[in-house]
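Data block below; observations after.
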(Lines of atoms letter the chains of each structure in order from A and count residues from 1; the text may use other names and numbers.)
(Lines give C-alpha, C1' and ligand atoms only; values in the text may rest on other atoms or scores of the structure.)
Protein backbone atom coordinates (compact mmCIF):
# COMPACT_ATOMS: atom_id res chain seq x y z
CA UNK A 1 0.00 0.00 0.00
CA UNK A 2 2.82 2.40 0.92
CA UNK A 3 4.59 1.57 -2.34
CA UNK A 4 1.40 2.33 -4.27
CA UNK A 5 0.99 5.67 -2.50
CA UNK A 6 4.62 6.56 -3.22
CA UNK A 7 4.06 5.66 -6.86
CA UNK A 8 1.02 7.95 -7.07
CA UNK A 9 2.77 10.86 -5.33
CA UNK A 10 4.23 13.59 -7.58
CA UNK A 11 7.92 13.20 -8.33
CA UNK A 12 8.71 16.92 -8.52
CA UNK A 13 9.00 19.43 -5.70
CA UNK A 14 6.58 21.70 -7.52
CA UNK A 15 3.97 18.92 -7.70
CA UNK A 16 4.47 17.90 -4.08
CA UNK A 17 4.15 21.45 -2.75
CA UNK A 18 1.06 21.95 -4.89
CA UNK A 19 -0.42 18.71 -3.54
CA UNK A 20 0.34 19.76 0.05
CA UNK A 21 -1.28 23.15 -0.53
CA UNK A 22 -4.31 21.48 -2.18
CA UNK A 23 -4.69 18.99 0.68
CA UNK A 24 -4.40 21.71 3.31
CA UNK A 25 -6.91 23.91 1.50
CA UNK A 26 -9.28 20.95 1.08
CA UNK A 27 -9.19 20.15 4.79
CA UNK A 28 -9.70 23.80 5.72
CA UNK A 29 -12.57 24.23 3.28
CA UNK A 30 -14.19 21.00 4.45
CA UNK A 31 -14.19 22.24 8.04
CA UNK A 32 -15.45 25.68 7.01
CA UNK A 33 -18.18 24.17 4.81
CA UNK A 34 -19.40 21.88 7.60
CA UNK A 35 -19.40 24.71 10.11
CA UNK A 36 -21.09 27.12 7.69
CA UNK A 37 -23.87 24.71 6.70
CA UNK A 38 -24.44 23.65 10.32
CA UNK A 39 -24.82 27.28 11.34
CA UNK A 40 -27.14 27.95 8.38
CA UNK A 41 -29.31 24.91 9.23
CA UNK A 42 -29.71 26.17 12.77
CA UNK A 43 -30.43 29.67 11.49
CA UNK A 44 -33.12 28.43 9.11
CA UNK A 45 -34.64 26.31 11.87
CA UNK A 46 -34.74 29.34 14.16
CA UNK A 47 -36.39 31.31 11.36
CA UNK A 48 -39.05 28.61 11.04
CA UNK A 49 -39.59 28.60 14.82
CA UNK A 50 -39.86 32.40 14.90
CA UNK A 51 -42.44 32.31 12.12
CA UNK A 52 -44.47 29.64 13.96
CA UNK A 53 -44.37 31.60 17.20
CA UNK A 54 -45.46 34.74 15.37
CA UNK A 55 -48.42 32.86 13.88
CA UNK A 56 -49.24 31.48 17.35
CA UNK A 57 -49.25 35.02 18.72
CA UNK A 58 -51.59 36.12 15.93
CA UNK A 59 -53.93 33.15 16.58
CA UNK A 60 -53.87 33.92 20.31
CA UNK A 61 -55.75 37.16 19.63
CA UNK A 62 -58.72 35.09 18.42
CA UNK A 63 -58.83 32.74 21.44
CA UNK A 64 -60.91 33.63 24.52
CA UNK A 65 -59.71 32.03 27.77
CA UNK A 66 -61.62 34.29 30.17
CA UNK A 67 -64.52 31.86 30.61
CA UNK A 68 -64.65 28.34 31.95
CA UNK A 69 -64.16 27.03 28.46
CA UNK A 70 -61.81 27.99 25.65
CA UNK A 71 -63.63 29.71 22.82
CA UNK A 72 -62.34 30.59 19.34
CA UNK A 73 -63.63 33.88 18.03
CA UNK A 74 -64.50 34.31 14.39
CA UNK A 75 -62.53 37.08 12.61
CA UNK A 76 -61.91 38.43 9.14
CA UNK A 77 -59.58 36.18 7.10
CA UNK A 78 -60.17 33.48 9.64
CA UNK A 79 -59.21 30.81 7.10
CA UNK A 80 -55.63 32.18 6.90
CA UNK A 81 -55.21 31.94 10.66
CA UNK A 82 -56.70 28.45 10.80
CA UNK A 83 -54.19 27.00 8.27
CA UNK A 84 -51.92 24.50 10.04
CA UNK A 85 -53.10 25.61 13.49
CA UNK A 86 -54.40 23.35 16.27
CA UNK A 87 -56.05 24.76 19.38
CA UNK A 88 -56.34 22.62 22.50
CA UNK A 89 -57.99 23.12 25.84
CA UNK A 90 -55.81 20.90 27.95
CA UNK A 91 -55.76 17.70 25.91
CA UNK A 92 -59.11 18.37 24.27
CA UNK A 93 -58.90 19.42 20.64
CA UNK A 94 -60.89 22.60 20.16
CA UNK A 95 -60.06 23.37 16.56
CA UNK A 96 -57.88 21.92 13.83
CA UNK A 97 -57.03 22.81 10.23
CA UNK A 98 -59.86 22.00 7.83
CA UNK A 99 -57.56 19.82 5.71
CA UNK A 100 -56.14 17.77 8.59
CA UNK A 101 -57.80 14.51 9.61
CA UNK A 102 -58.42 13.86 13.28
CA UNK A 103 -56.20 10.77 13.27
CA UNK A 104 -53.51 12.00 10.90
CA UNK A 105 -49.84 11.83 11.76
CA UNK A 106 -49.60 15.59 11.92
CA UNK A 107 -52.62 15.89 14.25
CA UNK A 108 -51.24 13.17 16.53
CA UNK A 109 -47.91 14.98 16.66
CA UNK A 110 -49.68 18.24 17.51
CA UNK A 111 -51.64 16.48 20.26
CA UNK A 112 -48.47 15.00 21.76
CA UNK A 113 -46.87 18.39 21.74
CA UNK A 114 -49.92 20.08 23.34
CA UNK A 115 -50.11 17.42 26.09
CA UNK A 116 -46.79 18.66 27.49
CA UNK A 117 -48.36 22.11 28.13
CA UNK A 118 -45.04 23.94 27.71
CA UNK A 119 -43.54 26.04 24.91
CA UNK A 120 -41.90 23.43 22.75
CA UNK A 121 -40.91 22.81 19.13
CA UNK A 122 -40.34 19.53 17.31
CA UNK A 123 -40.00 18.13 13.80
CA UNK A 124 -42.34 15.48 12.44
CA UNK A 125 -42.41 13.53 9.19
CA UNK A 126 -45.73 13.32 7.33
CA UNK A 127 -46.99 10.80 4.80
CA UNK A 128 -45.93 12.99 1.86
CA UNK A 129 -43.12 12.47 3.04
CA UNK A 130 -42.33 15.97 4.17
CA UNK A 131 -40.67 17.29 7.26
CA UNK A 132 -42.94 19.59 9.22
CA UNK A 133 -41.94 21.82 12.08
CA UNK A 134 -44.43 22.17 14.96
CA UNK A 135 -44.32 24.58 17.87
CA UNK A 136 -46.68 24.75 20.87
CA UNK A 137 -47.47 27.94 22.74
CA UNK A 138 -49.57 27.80 25.98
CA UNK A 139 -52.12 30.63 26.43
CA UNK A 140 -53.15 30.74 30.13
CA UNK A 141 -56.40 32.50 31.13
CA UNK A 142 -58.32 33.29 34.33
CA UNK A 143 -60.37 30.13 34.31
CA UNK A 144 -59.01 28.06 31.37
CA UNK A 145 -55.79 27.47 29.46
CA UNK A 146 -55.49 27.14 25.70
CA UNK A 147 -52.55 25.58 23.87
CA UNK A 148 -51.90 26.74 20.32
CA UNK A 149 -49.89 24.44 18.03
CA UNK A 150 -48.70 25.82 14.73
CA UNK A 151 -47.01 23.88 11.92
CA UNK A 152 -44.97 24.83 8.87
CA UNK A 153 -43.65 22.79 5.99
CA UNK A 154 -39.82 22.72 6.13
CA UNK A 155 -39.42 22.07 2.40
CA UNK A 156 -38.60 25.73 1.53
CA UNK A 157 -36.04 25.87 4.34
CA UNK A 158 -34.53 22.52 3.36
CA UNK A 159 -34.36 23.66 -0.25
CA UNK A 160 -32.54 26.78 0.89
CA UNK A 161 -30.15 24.64 2.96
CA UNK A 162 -29.55 22.32 0.00
CA UNK A 163 -28.92 25.32 -2.24
CA UNK A 164 -26.43 26.71 0.26
CA UNK A 165 -24.69 23.32 0.50
CA UNK A 166 -24.52 22.97 -3.29
CA UNK A 167 -23.24 26.50 -3.65
CA UNK A 168 -20.66 25.85 -0.93
CA UNK A 169 -19.43 22.70 -2.67
CA UNK A 170 -19.19 24.46 -6.01
CA UNK A 171 -17.35 27.36 -4.42
CA UNK A 172 -15.02 24.90 -2.66
CA UNK A 173 -14.26 23.15 -5.95
CA UNK A 174 -13.52 26.44 -7.67
CA UNK A 175 -11.36 27.60 -4.76
CA UNK A 176 -9.43 24.30 -4.72
CA UNK A 177 -8.82 24.49 -8.47
CA UNK A 178 -7.63 28.08 -8.15
CA UNK A 179 -5.49 27.18 -5.14
CA UNK A 180 -3.82 24.33 -7.01
CA UNK A 181 -3.24 26.40 -10.15
CA UNK A 182 -1.95 29.45 -8.26
CA UNK A 183 0.27 27.29 -6.05
CA UNK A 184 1.84 25.58 -9.05
CA UNK A 185 2.35 28.95 -10.71
CA UNK A 186 3.83 30.53 -7.56
CA UNK A 187 6.05 27.55 -6.76
CA UNK A 188 7.17 27.36 -10.38
CA UNK A 189 8.15 31.03 -10.36
CA UNK A 190 9.82 30.63 -6.94
CA UNK A 191 11.83 27.61 -8.11
CA UNK A 192 12.83 29.15 -11.43
CA UNK A 193 15.96 30.81 -9.97
CA UNK A 194 16.85 27.49 -8.30
CA UNK A 195 16.53 25.69 -11.64
CA UNK A 196 18.65 28.34 -13.31
CA UNK A 197 21.29 28.11 -10.58
CA UNK A 198 21.31 24.32 -10.86
CA UNK A 199 21.86 24.46 -14.63
CA UNK A 200 24.64 27.01 -14.21
CA UNK A 201 26.30 24.96 -11.45
CA UNK A 202 26.16 21.86 -13.67
CA UNK A 203 27.79 23.69 -16.56
CA UNK A 204 30.46 25.29 -14.36
CA UNK A 205 31.31 22.05 -12.58
CA UNK A 206 31.76 20.19 -15.88
CA UNK A 207 34.57 22.49 -16.99
CA UNK A 208 35.92 23.59 -13.61
CA UNK A 209 34.95 27.20 -14.30
CA UNK A 210 35.91 30.08 -12.01
CA UNK A 211 32.41 31.54 -12.26
CA UNK A 212 30.53 31.75 -8.94
CA UNK A 213 27.14 32.98 -7.79
CA UNK A 214 28.56 35.27 -5.12
CA UNK A 215 26.22 37.65 -3.29
CA UNK A 216 24.22 38.77 -6.32
CA UNK A 217 21.14 36.78 -5.26
CA UNK A 218 19.09 39.00 -2.98
CA UNK A 219 16.63 36.60 -1.21
CA UNK A 220 18.22 35.05 1.87
CA UNK A 221 17.27 31.49 0.92
CA UNK A 222 18.76 31.78 -2.56
CA UNK A 223 21.82 33.52 -1.14
CA UNK A 224 22.42 30.56 1.18
CA UNK A 225 21.88 28.18 -1.73
CA UNK A 226 24.30 30.16 -3.86
CA UNK A 227 26.88 30.08 -1.07
CA UNK A 228 26.49 26.31 -0.72
CA UNK A 229 26.81 25.81 -4.46
CA UNK A 230 29.89 28.05 -4.55
CA UNK A 231 31.49 25.93 -1.83
CA UNK A 232 30.62 22.76 -3.73
CA UNK A 233 31.99 24.21 -6.98
CA UNK A 234 35.21 25.16 -5.21
CA UNK A 235 35.58 21.60 -3.97
CA UNK A 236 34.86 20.17 -7.41
CA UNK A 237 37.38 22.55 -8.99
CA UNK A 238 39.94 21.56 -6.38
CA UNK A 239 39.34 17.88 -7.10
CA UNK A 240 39.65 18.46 -10.84
CA UNK A 241 42.82 20.46 -10.31
CA UNK A 242 44.24 17.69 -8.13
CA UNK A 243 43.35 15.08 -10.74
CA UNK A 244 45.02 17.11 -13.47
CA UNK A 245 48.02 17.72 -11.25
CA UNK A 246 48.26 14.03 -10.36
CA UNK A 247 48.04 13.02 -14.03
CA UNK A 248 50.77 15.49 -14.97
CA UNK A 249 52.99 14.43 -12.07
CA UNK A 250 52.60 10.74 -12.87
CA UNK A 251 53.43 11.43 -16.50
CA UNK A 252 56.44 13.51 -15.51
CA UNK A 253 57.81 11.07 -12.93
CA UNK A 254 57.22 7.91 -14.97
CA UNK A 255 58.94 9.32 -18.06
CA UNK A 256 62.49 8.56 -16.84
CA UNK A 257 62.06 4.88 -15.79
CA UNK A 258 59.91 4.24 -18.84
CA UNK A 259 62.64 5.70 -21.08
CA UNK A 260 65.16 3.37 -19.42
CA UNK A 261 62.97 0.37 -20.17
CA UNK A 262 62.54 1.40 -23.82
CA UNK A 263 66.27 2.06 -24.22
CA UNK A 264 67.22 -1.30 -22.69
CA UNK A 265 64.77 -3.14 -24.95
CA UNK A 266 66.03 -1.31 -28.03
CA UNK A 267 69.62 -2.09 -27.06
CA UNK A 268 68.81 -5.75 -26.38
CA UNK A 269 66.99 -6.13 -29.73
CA UNK A 270 69.71 -4.39 -31.77
CA UNK A 271 71.81 -7.58 -32.05
CA UNK A 272 72.10 -11.00 -30.37
CA UNK A 273 73.07 -10.77 -26.72
CA UNK A 274 74.79 -13.13 -24.37
CA UNK A 275 73.00 -14.63 -21.41
CA UNK A 276 74.86 -12.27 -19.07
CA UNK A 277 73.83 -9.23 -21.12
CA UNK A 278 70.23 -10.46 -21.20
CA UNK A 279 70.22 -10.87 -17.40
CA UNK A 280 71.64 -7.38 -17.04
CA UNK A 281 68.91 -6.01 -19.29
CA UNK A 282 66.30 -7.85 -17.25
CA UNK A 283 67.72 -6.42 -14.05
CA UNK A 284 67.62 -2.88 -15.42
CA UNK A 285 64.01 -3.34 -16.64
CA UNK A 286 62.98 -4.85 -13.31
CA UNK A 287 64.61 -1.99 -11.41
CA UNK A 288 62.90 0.59 -13.64
CA UNK A 289 59.55 -1.18 -13.24
CA UNK A 290 59.99 -1.24 -9.47
CA UNK A 291 60.86 2.45 -9.60
CA UNK A 292 57.66 3.12 -11.54
CA UNK A 293 55.66 1.19 -8.99
CA UNK A 294 57.26 3.14 -6.14
CA UNK A 295 56.53 6.42 -7.92
CA UNK A 296 52.87 5.46 -8.44
CA UNK A 297 52.48 4.35 -4.81
CA UNK A 298 54.09 7.53 -3.48
CA UNK A 299 52.04 9.93 -5.57
CA UNK A 300 48.78 8.04 -5.08
CA UNK A 301 49.32 7.81 -1.32
CA UNK A 302 50.01 11.53 -1.21
CA UNK A 303 46.89 12.26 -3.28
CA UNK A 304 44.83 10.01 -1.00
CA UNK A 305 46.16 11.69 2.12
CA UNK A 306 45.33 15.13 0.72
CA UNK A 307 41.83 13.99 -0.27
CA UNK A 308 41.21 12.69 3.26
CA UNK A 309 42.91 15.72 4.79
CA UNK A 310 45.21 13.45 6.80
CA UNK A 311 48.90 12.74 6.82
CA UNK A 312 50.59 9.41 6.53
CA UNK A 313 52.50 8.14 9.51
CA UNK A 314 56.09 9.47 9.32
CA UNK A 315 58.84 7.06 8.48
CA UNK A 316 62.57 6.95 9.09
CA UNK A 317 65.05 6.91 6.24
CA UNK A 318 68.82 6.69 6.09
CA UNK A 319 69.68 9.64 3.85
CA UNK A 320 73.07 8.55 2.45
CA UNK A 321 71.95 5.28 0.76
CA UNK A 322 69.02 7.05 -0.90
CA UNK A 323 71.25 9.80 -2.28
CA UNK A 324 73.78 7.29 -3.64
CA UNK A 325 71.01 5.25 -5.22
CA UNK A 326 69.61 8.32 -6.94
CA UNK A 327 73.03 9.31 -8.28
CA UNK A 328 73.72 5.83 -9.61
CA UNK A 329 70.33 5.53 -11.33
CA UNK A 330 70.46 9.01 -12.83
CA UNK A 331 72.85 8.32 -15.68
CA UNK A 332 74.57 11.69 -15.83
CA UNK A 333 76.33 12.99 -18.92
CA UNK A 334 79.97 12.05 -19.23
CA UNK A 335 81.21 15.63 -18.79
CA UNK A 336 79.18 16.12 -15.60
CA UNK A 337 80.49 14.69 -12.33
CA UNK A 338 78.21 14.15 -9.34
CA UNK A 339 79.59 14.30 -5.82
CA UNK A 340 77.80 13.24 -2.66
CA UNK A 341 79.04 15.10 0.40
CA UNK A 342 77.60 13.82 3.66
CA UNK A 343 79.44 14.41 6.90
CA UNK A 344 77.46 11.88 8.95
CA UNK A 345 76.98 8.47 7.20
CA UNK A 346 74.24 7.64 9.69
CA UNK A 347 72.17 10.73 8.97
CA UNK A 348 68.43 9.97 9.08
CA UNK A 349 65.33 11.91 8.02
CA UNK A 350 61.83 11.51 9.41
CA UNK A 351 60.19 10.62 6.07
CA UNK A 352 59.58 7.47 4.05
CA UNK A 353 62.35 6.43 1.61
CA UNK A 354 60.08 6.69 -1.44
CA UNK A 355 59.05 10.23 -0.50
CA UNK A 356 62.67 11.29 0.00
CA UNK A 357 63.48 9.99 -3.48
CA UNK A 358 60.56 11.83 -5.05
CA UNK A 359 61.58 15.10 -3.37
CA UNK A 360 65.29 15.00 -4.25
CA UNK A 361 65.03 13.31 -7.68
CA UNK A 362 63.58 16.33 -9.62
CA UNK A 363 66.22 18.64 -8.10
CA UNK A 364 69.03 16.28 -8.99
CA UNK A 365 67.68 15.74 -12.51
CA UNK A 366 67.51 19.48 -13.16
CA UNK A 367 70.99 20.01 -11.71
CA UNK A 368 72.52 17.37 -14.04
CA UNK A 369 70.57 18.77 -16.97
CA UNK A 370 71.84 22.33 -16.62
CA UNK A 371 75.29 21.79 -15.03
CA UNK A 372 78.44 22.48 -16.96
CA UNK A 373 80.78 20.05 -15.22
CA UNK A 374 79.83 19.37 -11.62
CA UNK A 375 76.84 18.65 -9.38
CA UNK A 376 77.17 18.39 -5.61
CA UNK A 377 74.66 16.79 -3.28
CA UNK A 378 75.30 17.55 0.38
CA UNK A 379 73.36 16.67 3.52
CA UNK A 380 73.77 17.73 7.13
CA UNK A 381 71.93 17.67 10.39
CA UNK A 382 70.09 20.77 11.59
CA UNK A 383 68.32 21.38 14.89
CA UNK A 384 65.06 19.50 14.49
CA UNK A 385 65.62 18.59 10.85
CA UNK A 386 67.81 17.56 7.95
CA UNK A 387 68.98 19.80 5.10
CA UNK A 388 69.94 18.51 1.67
CA UNK A 389 71.55 20.90 -0.81
CA UNK A 390 71.64 20.18 -4.55
CA UNK A 391 74.16 22.50 -6.28
CA UNK A 392 75.24 22.79 -9.91
CA UNK A 393 77.71 25.01 -11.73
CA UNK A 394 75.41 25.96 -14.56
CA UNK A 395 74.03 29.33 -15.58
CA UNK A 396 71.59 29.45 -12.66
CA UNK A 397 67.95 30.50 -12.58
CA UNK A 398 67.11 33.67 -14.57
CA UNK A 399 66.04 36.51 -12.31
CA UNK A 400 62.83 37.02 -14.29
CA UNK A 401 61.86 33.38 -13.69
CA UNK A 402 62.51 33.15 -9.94
CA UNK A 403 58.91 33.99 -8.98
CA UNK A 404 57.54 31.32 -11.35
CA UNK A 405 60.07 28.65 -10.42
CA UNK A 406 57.64 26.49 -8.46
CA UNK A 407 54.57 27.14 -10.60
CA UNK A 408 53.28 23.93 -12.30
CA UNK A 409 53.87 23.78 -16.04
CA UNK A 410 56.28 26.74 -16.17
CA UNK A 411 59.76 26.52 -17.69
CA UNK A 412 62.41 29.22 -17.97
CA UNK A 413 63.08 28.37 -21.63
CA UNK A 414 60.89 25.81 -23.38
CA UNK A 415 63.23 25.85 -26.41
CA UNK A 416 66.43 24.97 -24.55
CA UNK A 417 66.52 21.49 -26.06
CA UNK A 418 65.77 19.73 -22.77
CA UNK A 419 62.76 17.53 -22.23
CA UNK A 420 60.52 18.51 -19.35
CA UNK A 421 57.01 19.52 -18.41
CA UNK A 422 57.76 21.98 -15.61
CA UNK A 423 56.26 19.73 -12.93
CA UNK A 424 59.31 18.40 -11.09
CA UNK A 425 60.00 21.34 -8.79
CA UNK A 426 56.33 21.96 -7.85
CA UNK A 427 55.98 18.25 -7.07
CA UNK A 428 59.10 18.25 -4.90
CA UNK A 429 57.93 21.27 -2.91
CA UNK A 430 54.40 19.88 -2.47
CA UNK A 431 55.63 16.50 -1.23
CA UNK A 432 58.08 18.17 1.16
CA UNK A 433 55.43 20.47 2.58
CA UNK A 434 53.08 17.52 3.00
CA UNK A 435 55.43 16.15 5.71
CA UNK A 436 56.28 19.51 7.27
CA UNK A 437 59.35 20.24 5.16
CA UNK A 438 60.24 22.73 2.44
CA UNK A 439 61.99 23.01 -0.92
CA UNK A 440 63.45 26.41 -1.79
CA UNK A 441 65.81 28.10 -4.20
CA UNK A 442 68.85 29.86 -2.78
CA UNK A 443 68.96 33.26 -4.54
CA UNK A 444 72.27 34.15 -2.88
CA UNK A 445 74.23 31.43 -4.67
CA UNK A 446 75.91 33.05 -7.69
CA UNK A 447 78.03 30.23 -9.15
CA UNK A 448 75.14 28.30 -10.63
CA UNK A 449 71.95 27.12 -8.90
CA UNK A 450 71.39 25.76 -5.41
CA UNK A 451 68.18 24.20 -4.13
CA UNK A 452 67.69 23.40 -0.48
CA UNK A 453 65.50 20.62 0.89
CA UNK A 454 64.51 20.82 4.57
CA UNK A 455 62.94 17.69 6.04
CA UNK A 456 61.97 16.76 9.59
CA UNK A 457 64.49 14.77 11.61
CA UNK A 458 63.85 11.16 12.56
CA UNK A 459 61.69 11.01 15.66
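Residue numbers (my numbering): 9 to 467. Every residue, glycine too, gets a C-beta built ideally from N, C-alpha and C.
Taking 8 angstroms as the cut-off, does the segment 67-79 touch the segment 143-157 (at least 3 CB pairs, one atom from each stretch)? Yes: at least three Cβ pairs fall under 8 angstroms.
Taking the beta carbon of residue 40 as the centre, do at least 16 other beta carbons fall within 10 Å, making it buried, or is it exposed? Translated into positions along the chain shown, residue 40 becomes position 32. It counts as exposed.
Please look up how many angstroms separate the CB atoms of residue 395 and residue 327, rounded, as I've assumed it's under 8 angstroms. Mapped onto the chain shown, residue 395 falls at position 387. Mapped onto the chain shown, residue 327 falls at position 319. Their Cβ separation, rounded to whole angstroms, is 10 angstroms, which puts residue 395 and residue 327 out of contact at 8 angstroms.
Paired residues, beta bridge with residue 156 - DSSP: For the purposes of this step, residue 156 is taken as residue 148 along the chain shown, with counting starting at 1. Partner(s): 95 and 145.
Determine the closest residue to residue 393 out of 401, 177, 446 and 221, with distance taken between C-alpha atoms. Sequence index remark: in the chain shown, residue 393 carries index 385 (1-based). A check of alpha carbon separations from residue 393 across 401, 177, 446 and 221 identifies 446 as the nearest.
Determine the contact status of residue 331 and residue 459, defining contact as a CB-CB distance below 8 angstroms. Indexing the chain shown from 1 puts residue 331 at position 323. Indexing the chain shown from 1 puts residue 459 at position 451. Contact flag unset, no.
Separation of residue 373 from residue 352, as counted between CA atoms: In the chain shown, residue 352 corresponds to position 344, counting from 1. In the chain shown, residue 373 corresponds to position 365, counting from 1. Separation of residue 352 and residue 373 (C-alpha to C-alpha, rounded to the nearest whole angstrom) is 24 angstroms.
For the alpha helix (DSSP H) containing residue 53, name the first residue and the last one. Position 45 of the chain shown, counted from the start, is the residue given in the question as residue 53. Per DSSP, the continuous alpha helix (DSSP H) segment holding residue 53 begins and ends at 21-68.
According to DSSP, simplified to helix, strand and coil, what is residue 456? Looking up residue 456 in the chain shown gives position 448. Taken through DSSP and simplified to helix, strand or coil, residue 456 comes out as coil.
From residue 32 to residue 22, what does the alpha carbon distance come to, in whole angstroms? For the purposes of this step, residue 32 is identified with residue 24 of the chain shown, where counting begins at 1. For the purposes of this step, residue 22 is identified with residue 14 of the chain shown, where counting begins at 1. Between the alpha carbons of residue 32 and residue 22 lies a distance of about 15 angstroms.
Is the CB-CB distance between residue 144 and residue 128 below 8 angstroms? To locate residue 144, count along the chain shown from 1; it is residue 136. To locate residue 128, count along the chain shown from 1; it is residue 120. In contact: residue 144 and residue 128 (Cβ atoms closer than 8 angstroms).
Report the three-state DSSP secondary structure of residue 450 (helix, strand or coil). Along the chain shown, read from residue 1 onward, the residue named residue 450 stands at position 442. For residue 450, the three-state secondary structure derived from DSSP is coil.
How would you write the range of the beta strand (DSSP E) that residue 220 sits in, first residue to last? Mapped onto the chain shown, residue 220 falls at position 212. DSSP places residue 220 outside any beta strand (DSSP E), giving it a letter other than H or E.
Please list the terminal residues of the continuous alpha helix (DSSP H) segment that includes residue 410. Residue 410 sits at position 402 when you count from the first residue of the chain shown. Going by DSSP, residue 410 is part of no alpha helix (DSSP H) at all; its letter is neither H nor E.
Terminal residues of the alpha helix (DSSP H) in which residue 117 lies: Translated into the one-based positions of the chain shown, residue 117 becomes position 109. Where residue 117 is concerned, the enclosing alpha helix (DSSP H) stretches over 113-123.
Distance CB(residue 117)-CB(residue 105) smaller than 8 angstroms: Indexing the chain shown from 1 puts residue 117 at position 109. Indexing the chain shown from 1 puts residue 105 at position 97. Residue 117 places its beta carbon 8 angstroms or farther from that of residue 105.
Start-to-end residues for the alpha helix (DSSP H) that takes in residue 377: As a working mapping, residue 377 is identified with position 369 in the chain shown. Its alpha helix (DSSP H) spans residues 361-378.
Straight-line Cα distance separating residue 293 from residue 404: Position 396 of the chain shown holds residue 404. Position 285 of the chain shown holds residue 293. CA-CA distance, residue 404 to residue 293, rounds to 34 angstroms.
Buried versus exposed, by CB contacts within 10 Å (16 or more), residue 221: Here residue 221 corresponds to residue number 213 of the chain shown, with the count starting at 1. Under this definition residue 221 is a buried residue.
Beta-carbon separation of residue 29 and residue 134 under 8 angstroms? As a first step, residue 29 is located in the chain shown; it is residue number 21 there, counting from the start. As a first step, residue 134 is located in the chain shown; it is residue number 126 there, counting from the start. No, Cβ-Cβ distance for residue 29 and residue 134 is not below 8 angstroms.
Measuring straight from C-alpha to C-alpha, what distance separates residue 59 and residue 158? Locating residue 59 in the chain shown gives position 51, counting from the first residue. Locating residue 158 in the chain shown gives position 150, counting from the first residue. Computed Cα separation, rounded: 9 angstroms.
Below 8 angstroms on the Cβ atoms is my contact criterion, and I expect residue 414 with residue 441 to pass it. Report the Cβ-Cβ distance as a whole number of Å. Taking the chain shown and counting its residues from 1, one reaches residue 414 at position 406. Taking the chain shown and counting its residues from 1, one reaches residue 441 at position 433. That pair is no contact at about 10 angstroms.
Just verifying my parser: in three-state terms, what is the DSSP assignment at residue 325? Taking the first residue of the chain shown as 1, we reach residue 325 at position 317. Note: residue 325 maps to strand in three-state DSSP.
Rounded C-beta distance between residue 184 and residue 34? I'm assuming under 8 angstroms. Indexing the chain shown from 1 puts residue 184 at position 176. Indexing the chain shown from 1 puts residue 34 at position 26. Indeed, because the Cβ distance is near 6 angstroms, the residues count as touching under 8 angstroms.
Residue 123 versus residue 139: straight-line alpha-carbon distance, rounded: For the purposes of this step, residue 123 is taken as residue 115 along the chain shown, with counting starting at 1. For the purposes of this step, residue 139 is taken as residue 131 along the chain shown, with counting starting at 1. Spanning the two alpha carbons is a distance of roughly 21 angstroms.
Among all the DSSP beta bridges, which residues are the ones paired with residue 386? The sequence position of residue 386 within the chain shown is 378, counting from 1. According to DSSP, residue 386 bridges with 349 and 397.
Nearest to residue 240 by CA position, among 208, 265, 227 and 266, is which residue? Here residue 240 refers to the residue found at position 232 when the chain shown is read from its first residue. With distances taken between Cα atoms, residue 240 lies closest to 208.
Take residue 212 and list the residues in its own chain whose beta-carbon comes closer than 7 angstroms to its own, dropping the five residues that flank it on each side. Numbered from its first residue, the chain shown carries residue 212 at position 204. So the list reads 219 and 241, once near-sequence residues are dropped.
When the distance is taken between beta carbons, is residue 335 closer than 8 angstroms to residue 348? Here residue 348 refers to the residue found at position 340 when the chain shown is read from its first residue. Here residue 335 refers to the residue found at position 327 when the chain shown is read from its first residue. Cβ distance < 8 angstroms, so residue 348 and residue 335 count as in contact.
Under a three-way DSSP split, which group does residue 110 fall into? Along the chain shown, one-based indexing puts residue 110 at 102. Three-state DSSP puts residue 110 in coil, outside helix and strand.
Short check: CB of residue 513 to CB of residue 350, under 8 angstroms? Outside the displayed span of the chain (9 to 467) sits residue 513, for which this structure offers no information.
6 angstroms Cβ shell around residue 217 - same chain, five flanking residues per side excluded: One-based indexing of the chain shown puts residue 217 at position 209. So the list is empty, once near-sequence residues are dropped.
Does DSSP classify residue 163 as helix, strand or coil? Position 155 of the chain shown, counted from the start, is the residue given in the question as residue 163. Looking at residue 163 - three-state DSSP - the assignment turns out to be helix.
Could you work out which residue in 298, 277 and 365 is closest to residue 265 when comparing CA atoms only? If you number the chain shown from 1, residue 265 lands on position 257. Per the Cα distances, 298.
Residue 69 at chain C interface by Cβ criterion, 8 angstroms: In the structure shown, chain C cannot be found, because there is only a single protein chain.
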